[in-house]
Amino acid sequence: MVWGSAQPHSVEDMVRRAFCDPELAGAKSKDELVSSGRLVAVWARDTLGLPSDAYFQKTQTTKNLETPWKHLQGSEGVQHSASSTLLLDDSPLKARLQPLNHLCVKEYTSEMRLADLQVVSEDSTPYDINAYYNLDLTLLAVIGALDAIKWESNVAGWVRSGGLSLKGADNANRPA
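According to the UniProt record's numbering, the sequence shown holds residues 1 to 176 in order.
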């Protein structure tokens, strides 16, 4: 499931780009994105319960995971809950209702996008070590977290017990 706090057209565009799937790339709506079978739902700002005057404004939002848990209850025989959910978001405030289900990621800024584009530009070679250290490594960290929790029976319990801690992390590969 993807649940963005942007407007539906923006979330749909992000999903198409993020999944880089030709099937999803041709989809025109969130319903088509879901019907591909790769996602159980694509939600956007219209599912956050905002008053109409706040919908078009830059306003603080909260993602109450109880909402998708109820909506998706029993879909594909899976009971969704705090034990099965990890919310990836750049805002701790959005996850304030279920903080033990939150993996806070860095906000993807325009500066980070420019650095990423530079790495894949014609001026960058695969062996350009300076370009490598300018990459945003958030996605790799998320992959690591997902790999770590895939066999856990309780996501919130895993987070509570320190599953996301960096104790003992090796920073030896980072430049000084």
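Virtual Cβ for every residue (Gly too), placed ideally from N, Cα, C.
Values in this document were obtained by computation on a predicted structure and should not be read as measured data.
Enclosing beta strand (DSSP E) for residue i [first to last residue]
i, result
"L88", "L87 to D89"
Three-state secondary structure assigned by DSSP to residue i
i, result
"V142", "helix"
"residue 177", "Here the chain comprises residues numbered 1 to 176, so residue 177 is not present and cannot be evaluated."
"A96", "Residue 96 is actually Arg in this sequence, not Ala. Looking at R96 - three-state DSSP - the assignment turns out to be coil, as it is neither helix nor strand."
"L114", "helix"
"F19", "helix"
"K63", "coil"
"T47", "helix"
"A82", "coil"
"G77", "helix"
"G157", "helix"
"K58", "coil"
Residues that residue i bridges to, as DSSP identifies them
i, result
"V42", "V2"
Residue i - containing alpha helix (DSSP H), residue span
i, result
"D136", "That residue, D136, is in no alpha helix (DSSP H); it is neither H nor E in DSSP."
"Y55", "S52 to Y55"
For residue j and residue i, the rounded distance between their alpha carbons
i, j, result
"T59", "G49", "12 angstroms"
"D116", "D147", "24 angstroms"
"N171", "R113", "Confidence at N171 is low in this model, with a pLDDT of 42, below 50, so its placement is unreliable and no value can be given for it."
"S161", "W3", "26 angstroms"
"K94", "T85", "15 angstroms"
"H80", "L72", "7 angstroms"
"D13", "S153", "33 angstroms"
Check: Counting Cβ pairs, one atom from each stretch, are 3 or more of them under 8 angstroms apart for the stretch 152 to 165 and the stretch 136 to 143?
Finding: no
Check: Do the stretch 67 to 84 and the stretch 51 to 58 make contact, defined as three or more Cβ pairs closer than 8 angstroms?
Finding: no
Notebook entry, point to check: Pairing CB atoms from the stretch 91 to 101 with CB atoms from the stretch 30 to 41, are three or more of them under 8 angstroms?
Noted result: no
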